[in-house]
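Anchor point for the sequence shown: position 161 equals 167 in this note's numbering, and the numbering is continuous, going up by one each time.
Ideal Cβ positions, reconstructed from N, Cα and C, are used throughout, including at glycine.
Computed from a predicted model, the values in this text were never measured in an experiment.
So the structure is just underneath, and the comments pick up after that.
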Amino acid sequence: MMDVDTLVDRRSVRSKDESVPQRPKWMPKRVSPVVVRARMRRELPFVVHLLNKPSFRHRRQDTTAFVFSLLIHVMMILVGFQLLRYVTQPATIQSEFIINTEFDQGDGVETELLSLVDSPVPRIQPVANLAGAIEVANAMVGDAYRGGDRPIVGGGGGFGFFGAKAAGDSVVFVVDRSGSMADQGRMEAAKEELTLAIQQLQPYQQFYVIFYSNKMFRMLAPDPPENLLPASPENVQRVIDWIDNDLQVGGGTEPLTSLLAALKMKPNVIFFLTDGDVDSSTAATVHLNNAHGTIIHTICLSEEYGEAVMQRIALENNGRYRFVETASLTRGAFDTQTTQDENIAAAKLKTARRHLEQGHTRTGQRWLVKLIKDHPDTPQAREAEQMLASIVAAK
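Next up, the structure:
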């Protein structure tokens, strides 16, 4: 039997290695890997049972549904934002577009989006009577420029300028009077067309006329009205007399100030005419200042220098672009009348020339052949035959 002293001595015996201190009481005991694996095997069924409980499955399903719903709502917000941007963007030009795709193994594949400004172009060549120019232009435009006879603005009576028709309660004419307008009777034609347009207005409608070169010339200067005038017979006659007697050409082509002045009057429609090159920044400035939503129709007279900018101004301001040929104008009359077939042929000839100038010889030849086949009795067909002969001779 062991005595008490022996027991006490054994309890007081320290570790064999006197240099290693004993583990503090607060430190958990080390667990061997064997014990860990045993605990995992013992507790694994409980974890599996917990994951398979209906309440836990419902919680997972609720989380999945929440995430899916969140994604759907985010997508709807993004789509709504894009639709809002689309709605607030400026309306596009009201005209048809034709997609012509030409395949050319030699020159590559050419795909063109040709607006009917380009194919076919409503070119108003000399007609028999300037007084009937609008009716002739509308007849020529017909199928080639659908919708050209429709009023652009609801309400108000209809009126036109160089064959471009519109409707509304108010209109401003912004007309070029630079030095180049003296060539080929352009200024005389512009005056005649402007007179006809003003005479179409009804007394309840309002109008204004601005001529421009390097600076702005308001109607009835030197005492111009500050705003739109009612189209009463007296006002119409005063403006017509001013156009005939007091208007002189000269200077350059700087229309921006006049366009901004016209927009400030907030008319339904603006007709903007030029025969020169327009600075590219003009289109952006006009669009930014058109908060009223005025429709702007643009007209290039005889020359196409500013065609790209004029098309853009019409496009960004819900209007239409028109090119008017005035090579043989005299006061009060055009010499000859071209048919709609010749206008379409002229557009195809222009497209063929552009391809040839860009080095797309085969595509240009195809346009020439198509022109000759579709419009054999036109001057453009004869010119196309000469161009084809020159191309063959050059080879």
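Counting C-beta pairs closer than 8 Å gives three or more between the segment 256 to 272 and the segment 219 to 227, which meets the contact rule. Considered as a whole, the segment 161 to 190 harbours no complete run of any alpha helix (DSSP H) with no fewer than 4 residues.
The alpha-carbon of V242 is positioned some 28 Å away from that of N324.
The C-beta of R47 has fewer than 16 other C-beta atoms within 10 Å across all chains shown, which makes the residue exposed.
With 16 or more other Cβ atoms from the protein chains shown falling within 10 Å of its own Cβ, N296 counts as buried. Taking all protein chains shown into account, T70 has fewer than 16 neighbouring C-beta atoms within 10 Å of its C-beta and is therefore exposed. Between T300 and D182, the gap from beta carbon to beta carbon reaches 8 Å or more.
For M193, the enclosing alpha helix (DSSP H) has its first and last residue at R192 to Q205. In this structure A227 is exposed. Its beta-carbon is surrounded by fewer than 16 other beta-carbon atoms within 10 angstroms. Our two residues, P30 and V73, have alpha carbons roughly 49 Å apart in a direct line.
If you check the CB distance, R326 and A170 come in under 8 Å.
The Cβ neighbour count for D285, taken over all protein chains shown within 10 Å, is under 16; the residue is labelled exposed. When the five nearest sequence neighbours on each side are left out, the beta carbons in the same chain lying within less than 8 Å of the beta carbon of L269 are those of I276, V292, N295, N296, H298 and T300, in order along the chain. The alpha-carbon of D347 is positioned some 11 Å away from that of K354. The continuous stretches of beta strand (DSSP E) do not include L234, and DSSP gives it neither H nor E. The straight-line gap separating the alpha-carbon atoms of Q317 and F278 is approximately 11 Å. If you look at T280, you'll find it isn't in any alpha helix (DSSP H); it sits in the beta strand (DSSP E) that goes V275 to T280.
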